[in-house]
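Every position in the sequence shown, counted from 1, becomes a number in our numbering once 1 is added.
Inspection log for the structure reproduced underneath, given as structure tokens.
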Amino acid sequence: MTIRYLTALIAAVALTLVVAVVVANALQNANPIPKMVAIAVAGESEAKAETPLSVVKYGVYYVYEGGKWALSGSPSGTSTPKLYAVGFGNCPADISGLYGRAYAPGSNVVHVTGCSIVLPSIVEGGVITVTHYVPMCATGTDFRTEVAEQYFTYKGVQFRVRL
Numbered sequence: 002m003t004i005r006y007l008t009a010l011i012a013a014v015a016l017t018l019v020v021a022v023v024v025a026n027a028l029q030n031a032n033p034i035p036k037m038v039a040i041a042v043a044g045e046s047e048a049k050a051e052t053p054l055s056v057v058k059y060g061v062y063y064v065y066e067g068g069k070w071a072l073s074g075s076p077s078g079t080s081t082p083k084l085y086a087v088g089f090g091n092c093p094a095d096i097s098g099l100y101g102r103a104y105a106p107g108s109n110v111v112h113v114t115g116c117s118i119v120l121p122s123i124v125e126g127g128v129i130t131v132t133h134y135v136p137m138c139a140t141g142t143d144f145r146t147e148v149a150e151q152y153f154t155y156k157g158v159q160f161r162v163r164l
């Protein structure tokens, strides 16, 4: 009975430690500010943070393969010119896990631990419309979008690019 009691006690202590680590990690990474800023930028509205927030710029492309557009880290013979995604918060250096699919307006914000990334959106129609985001600073507290728009033909495809 003593060994059974000791085993149960060790299991209870171990479980308590695991729960404490998980809760502490969740609280540490539960920063809603990057998420709020990313959603505001994607919606082309303003956002403010009380403390400076890191801003990361990622160069990406949309590549047309297999009858569809997919986000990629490198160009091809049937790709857009270089586009930009922007991350807010403690963002990873590599976003290759987000490649391989197209992102539409309204579903182009991805949240990862401590970071929110606004990816370029693409809409197919008579003209392919691409909206992407170019940050003008490496950190900030006051985030505002300014929209510039241009029509052009690139590699035989007509584009409307919103920046």
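For every residue, glycine included, the Cβ atom is placed at its ideal position computed from N, Cα and C.
Quantities reported herein were computed from a predicted structural model and do not represent experimental measurements.
Is it true that the CB of residue j sits closer than 8 Å to the CB of residue i?
i: L99; j: V131; result: no
i: I96; j: Y59; result: yes
i: V124; j: I118; result: no
i: A43; j: F89; result: no
i: A86; j: V61; result: yes
i: N32; j: G126; result: no
Could you tell me if residue i is buried or exposed, where buried requires 16 or more neighbouring beta carbons within 10 angstroms of its beta carbon?
i: A139; result: exposed
i: S75; result: exposed
i: T3; result: exposed
i: S80; result: buried
i: Y6; result: exposed
i: V148; result: exposed
i: V128; result: exposed
By Cβ distance, which residues of its chain are closer than 6 Å to residue i, with the 5 residues on each side in sequence left out?
i: Y104; result: L120 and S122
i: R145; result: E47
i: E150; result: R163
i: I11; result: none
Sorted by chain position, which residues of the same chain lie with C-beta nearer than 8 Å to residue i's C-beta, five sequence neighbours on each side aside?
i: F153; result: Q159, F160 and V162
i: G141; result: A50, P53, L54 and V56
i: R102; result: A71 and L72
i: K69; result: A103
i: E66; result: S77 and T79
By Cβ distance below 7 Å, which residues in the same chain neighbour residue i in space, the five residues on each side in sequence not counted?
i: P82; result: Y155
i: A41; result: E47, A48 and F144
i: N91; result: S55, G115 and C116
i: M37; result: A48
Do residue i and the ligand SAH come close, with the Cβ less than 7 Å from some heavy atom?
i: F89; result: Questions concerning the ligand SAH fall outside what the structure shown contains, since it holds no ligand whatsoever.
Could you give the C-beta distance for residue i and residue j, rounded to a whole number, given that I count them as a contact under 8 Å?
i: P93; j: V113; result: 7 Å
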